[in-house]
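Working notes for the structure below.
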Amino acid sequence: MRVGIICFQHESNTFCEVPTTYEHFASDHVLTGEAVRDFFVASKAHHEIRGMFEGLDAAGIEAVPLFSSRAMPFGAIVPDAFDRLVGELMSALRDAGQMDGLLVAPHGAACAVEHRDADGYWLSLVREHVGPAMPVVCTLDPHANLSQAMVDACDATIIYRTNPHLDQRQRGLEAADLVVRMLRGECKPTQALVMPPIAINIQAQRTGQEPCLGLYQKVEAVRQRPGVLSASVALGFPYADTHEMGSAVVVVTDDDRALAGQLAAELAYEMWSRREAYKGVLRTISDVLDEAAQLDGPVSLLDMGDNVGGGGPGDSTLIAQAILDRGLRDVFVCICDPACAREAIGAGAGARVSLTLGAKTDNRHGAPLHIDGVVQSVHEDARYTETQPRHGGATRFDVGPTAIVATDDRVVFQITSRRAFPVTISQLTAFALDPQSFHLIVIKGVHAPAAAYEPFCSHMRHINTPGDSTADMVASLTYHHRRKPLYPWEQDATWSPR
Ligand SMILES: [Zn+2]
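Position one of the sequence shown corresponds to residue 123 (this note's numbering), numbered consecutively onward.
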């Protein structure tokens, strides 16, 4: 028996002015064949693709790596990039010969300029090619904006159950186990999708805390019911302006369509009935800085408007400017600014530099900072690693040529050439920066950083900053494609599952 593996992942922030190009994918990876296995398995990535390989290997079924690509979030995927990647994916599938099953791993929030439900589109092409009888099991990120097209293209859908995402490898193992059981004739999955009309605020999407915790406990109880093969919640990604944007529930049963529909409806209604709790907590920079002044450090300040893992440019200066204006000391800030990194590296360690730093991608993330400081260290090669399971599952990171520059008040700027996804404490320790030496650590993320930073920080505080990934989605973002009614925009919306 042979089971093919396909990975094509993008979380598209359609409010971001920088479109996602083929080069963005290539700068992470575009791979076919055995190189896919090397990328995920040899690197010990805590990723669903590694779990899929391991699960198939353990069952004695040949895993056939077909195609894998992903890119960090930017704007919608441009047509030539999407067409080329889908073409490469389909060629790999056609060329691989006879397959007995497929494991597919989209992200679930990809949006292409000409195919807004991008994942539904390519999954449908895959299903069309392999025919209706082939077992196809799909894994998704909970930031998926799940669509009927995605669900229709697959026999079963399994979504990670943690945010920050720490169970990706386990979900890959679960998907592999399910496809193996299908191939052995031990089960016959059928699934039902219900989409309650709610978009959950990004600030309220931490699965281990309320308001999500109680919901996930109910999902777990459903998963334990007789006849249920899997049950999942999509929290949704509010920054992809698509018709499907928002939350969803999918339940997979063993050949019991009515039970799948009933249980999905129950969970969706549970979500709907909690809708007011999902609006999130939105606090201003000054409010949080006032509080932080009274707190023992380190205090993480989470910059939700410049969430690198959600499409933020990584160069917002809004929190840093407020910190400089207040004359605060012992602060860590990371800013992506390749020109300034080059300038500081050119000056060399020990040199005093004056920089015009950050806020160069667009005019929505503050104004450039004027800083004066001493170059602490320079790093032409700024690669670092992480061994523990962290959000996204990556174990290798590369932020490009980087300089550490400190002001006389010890506001320490890490100036990178590529956006740093803040999911590992190695982002500091690999540069000889002790996280506990700071009172404030500015982090460009929402919940993804928690697993890495919480052990080092006394407090974590979310800040409602403006930007491409602002948490203030109702007041600050203009949607053209979302479904209506959709809570919290339409506050008076009524809904009951059919
Ligand atoms: Zn996610």
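Note that beta-carbon positions come from the ideal geometry of N, C-alpha and C, so glycine has one too. The model shown is predicted, which means the values in this text are computed figures rather than measured ones.
Buried/exposed call for residue i, threshold 16 Cβ in 10 Å
i	result
S149	exposed
G468	exposed
N485	exposed
P607	exposed
R249	buried
Q327	buried
E398	exposed
A489	exposed
L300	buried
D447	exposed
T600	exposed
P257	buried
L245	buried
L477	buried
E210	buried
L178	buried
S438	buried
E465	buried
E342	exposed
L288	buried
A630	The chain is shown from 123 up to 620; residue 630 falls before or after that span and cannot be answered.
Residue closest to residue i, alpha-carbon to alpha-carbon, out of the options
i	options	result
F519	V455, S134, E508	E508
L215	L300, G155, D263, I171	G155
G253	R583, C456, A275	A275
E236	G434, V430, I128, T136	T136
D202	Y144, E176, A554	Y144
M595	D299, E612, R583, G515	E612
R293	R379, S269, V302, G173	G173
V374	A278, R540, M304	A278
T100	V430, P460, F130, S618	The chain is shown only over 123 to 620; residue 100 falls outside these bounds and no answer can be derived.
G531	Q510, L562, T551, L550	According to the sequence provided, residue 531 is Asp. The question's Gly does not apply to it. Cα-wise, what sits closest to D531 is L562.
V186	I127, D205, A157, D239	I127
K482	T517, A473, G515, L440	L440
T406	T329, G434, G427	G427
S499	A415, L450, V475	V475
M212	A234, L188, D222, A198	L188
V125	L262, R303, A167, H229	R303
C233	A157, Y361, L153	Y361
Per-residue DSSP class, three states only, for residue i
i	result
V568	coil
F535	strand
M595	helix
T551	helix
I445	helix
R540	coil
S213	helix
Q327	coil
V545	coil
I313	Note on identity: in this sequence residue 313 is Gln, with Ile being the wrong assignment. Residue state, collapsed to three classes: strand.
A615	coil
M582	strand
V301	helix
Y361	coil
F137	coil
L153	strand
Q510	coil
R345	helix
F560	coil
L351	strand
S246	helix
Y609	strand
A473	coil
A481	coil
G383	helix
Residue i: CB within 7 angstroms of a non-hydrogen atom of ligand 3
i	result
H265	You won't find ligand 3 in this model; what it holds is ligand 1.
Cβ separation of residue i and residue j, assumed to be a contact under 8 angstroms, to the nearest whole Å
i	j	result
E139	H265	Not really, about 21 angstroms apart at Cβ, beyond 8 angstroms.
V200	T142	7 angstroms
I324	Y400	Not confirmed; about 10 angstroms, so no contact.
F147	S191	5 angstroms
P195	G431	7 angstroms
A231	N267	5 angstroms
W394	I320	6 angstroms
L335	E392	Wrong, their Cβ atoms sit about 13 angstroms apart, outside the cutoff.
F535	D452	That belief does not hold up - the Cβ atoms of F535 and D452 are roughly 13 angstroms apart, past 8 angstroms.
G495	A525	The Cβ separation is near 10 angstroms, so there is no contact.
C309	D376	5 angstroms
In chain order, each beta strand (DSSP E) run of at least 3 residues that lies wholly inside the segment 395-436: 421-425
Secondary structure, alpha helix (DSSP H): runs of 4+ residues fully inside the segment 255-282: 270-275
Ranges of the beta strand (DSSP E) found wholly within the segment 158-243, counting only runs of at least 3: 184-192, 223-228
Runs of beta strand (DSSP E) wholly within the segment 445-469 (minimum 3 residues, chain order): 453-458
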